[in-house]
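Engineer: Residue numbers (this note's numbering): 519 to 800. Okay, handing you the structure first.
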């Protein structure tokens with residue numbers, strides 16, 4: 519059989535790129551790019567299953583023995599899947615008046631949380647992602663990289679496995695901690711905030727005592743209706759103020775406004791607290 523030569527322009531392109539050898543002069547012929555020494559990418563042997571650490575942390579949360587902080591800590595070293603969708607970037611009129619796609623890009627999927635904030639969904643398994651959106655393509659990344667993408671997309675929340683039996687919302691301070699690869703302490707367990715709160719209420723003579731506690735929105739519900747002590751998206755931190763008797767609703771509302779304004783002006787408090795609710799007791 520007559521030997522077939524490559525077209526001239528292809529041969530020239532190969533020659534310019536190194537010809538029959540790579541940049542180190544090693545011949546391409548006979549090269550085997552398979553096997554553990556030549557992975558296609560970091561997750562080329564990934565089977566799409568959930569990270570064992572995240573599974574254990576979420577199971578403990580469901581059982582009432584775990585915390586949302588433990589889920590975030592497990593995510594710090596876990597692989598997750600981010601959904602992307604084809605997005606039409608440009609259209610043009612083709613033959614017979616039909617519209618033709620000229621360019622399509624892959625775009626990250628974002629959601630809108632009940633409070634209006636932007637959220638990015640992430641999934642522990644490819645099966646969970648496909649069940650949520652059959653047309654989405656799963657992209658494997660480490661969770662800190664997903665958190666960085668969320669920050670870049672101006673998403674304040676990560677939503678872990680939306681549509682699953684247990685959906686866990688990762689709040690803004692935890693998202694930032696993941697992105698920076700720092701440990702995260704929930705605001706209702708952060709003792710460093712005590713002095714900040716004390717300073718904010720110091721100018722309120724009607725406040726007898728101030729205490730920080732988990733907010734009413736920390737807890738979440740499973741798809742089956744069971745209450746779980748973590749993973750919710752509502753108010754994260756409660757400031758419980760014991761006040762003197764005789765204050766009316768208008769006075770209490772004004773007091774809460776002043777205290778919240780003072781706390782919002784504190785950079786450390788604003789960075790470490792996702793959402794705050796003020797409660798009054800007598």
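We treat Cβ as the ideally placed atom computed from N, Cα and C, and that holds for glycine. Since this is a predicted model, take the numbers as computed values, not measurements.
Within the continuous beta strand (DSSP E) that includes residue 795, where are the two ends?
Structural biologist: Segment 794-799, the beta strand (DSSP E) holding residue 795.
Engineer: Does any residue of chain B have a CB that is nearer than 8 Å to the CB of residue 723?
Structural biologist: Among the protein chains of the structure shown there is no chain B, as only one such chain exists.
Engineer: What are the start and end residues of the alpha helix (DSSP H) that includes residue 786?
Structural biologist: Per DSSP, residue 786 belongs to the alpha helix (DSSP H) from 785-790.
Engineer: How do the region 754-761 and the region 787-800 stand: do at least 3 beta-carbon pairs fall below 8 Å, yes or no?
Structural biologist: Contact between the region 754-761 and the region 787-800 is present, because at least three Cβ pairs lie under 8 Å.
Engineer: What residues in its chain sit with their C-beta under 7 Å from that of residue 628, if we drop five residues either side in the sequence?
Structural biologist: Counting only Cβ-Cβ distances below 7 Å, and skipping sequence neighbours, we find 636, 637, 638, 671, 673.
Engineer: Apart from the five residues on each side of it in sequence, which residues of its chain come closer than 7 Å, Cβ to Cβ, to residue 689?
Structural biologist: So the qualifying residues of the chain are 675, 754, 792.
Engineer: Going by DSSP, which residues form a beta bridge with residue 572?
Structural biologist: Note: residue 572 sits in no beta bridge, so no partner.
Engineer: For residue 730, which of 573, 770, 704 has the nearest alpha-carbon?
Structural biologist: Answer by Cα proximity: 704.
Engineer: How many angstroms separate the CA atom of residue 742 from the CA atom of residue 679?
Structural biologist: Approximately 15 Å, taken between the alpha carbons.
Engineer: Restricting to Cα atoms, I'd like to know which of 655, 656, 693, 681 is closest to residue 667.
Structural biologist: The shortest C-alpha separation from residue 667 is found at 693.
Engineer: With DSSP as the reference, label residue 753 as helix, strand or coil.
Structural biologist: Note: residue 753 maps to coil in three-state DSSP.
Engineer: Mind pulling the alpha helix (DSSP H) runs of 4 or more residues that sit fully within the region 628-677?
Structural biologist: Qualifying alpha helix (DSSP H) stretches, in chain order: 644-650, 661-670.
Engineer: Would residue 687 and residue 598 qualify as a contact pair, given that the criterion is a beta-carbon distance under 8 Å?
Structural biologist: No, Cβ-Cβ distance for residue 687 and residue 598 is not below 8 Å.
Engineer: Would you kindly check if the distance between the Cβ of residue 642 and the Cβ of residue 572 is under 8 Å?
Structural biologist: Their beta carbons are under 8 Å apart, which means residue 572 touches residue 642 by this criterion.
Engineer: State the DSSP-derived secondary structure class of residue 507, mapped to helix, strand or coil.
Structural biologist: Absent from the structure is residue 507, since the part of the chain shown begins at 519 and ends at 800.
Engineer: Name the DSSP beta bridge partners of residue 689, please?
Structural biologist: None; residue 689 has no bridge partner.
Engineer: Inspect the CB distances between the region 708-721 and the region 764-781 and report whether three or more fall short of 8 Å.
Structural biologist: Touching, per the Cβ criterion.
Engineer: CB-CB under 8 Å to residue 519, same chain, minus the five flanking residues each way: which ones, in chain order?
Structural biologist: Below a pLDDT of 50, predicted positions are generally treated as unreliable, and residue 519, at 48, falls in that range; the measurement from the model is reported next regardless. Same-chain partners within the cutoff: there are none.
Engineer: Exposed or buried, which one is residue 656 when buried takes at least 16 other CB atoms within 10 Å?
Structural biologist: When all chains shown are included, residue 656 counts as buried.
Engineer: Rounded to whole angstroms, how far is the Cβ of residue 494 from the Cβ of residue 661, which I believe are closer than 8 Å?
Structural biologist: Outside the displayed span of the chain (519 to 800) sits residue 494, for which this structure offers no information.
Engineer: Measure how close the beta-carbons of residue 790 and residue 711 come, nearest whole angstrom, since I'm counting them as under 8 Å.
Structural biologist: With 8 Å as the limit, residue 790 and residue 711 qualify as a contact, their Cβ atoms being about 7 Å apart.
Engineer: Taking buried to mean at least 16 other C-beta atoms within 10 Å of its own C-beta, is residue 733 buried or exposed?
Structural biologist: With 16 or more Cβ atoms within 10 Å of its Cβ, residue 733 is classed as buried.
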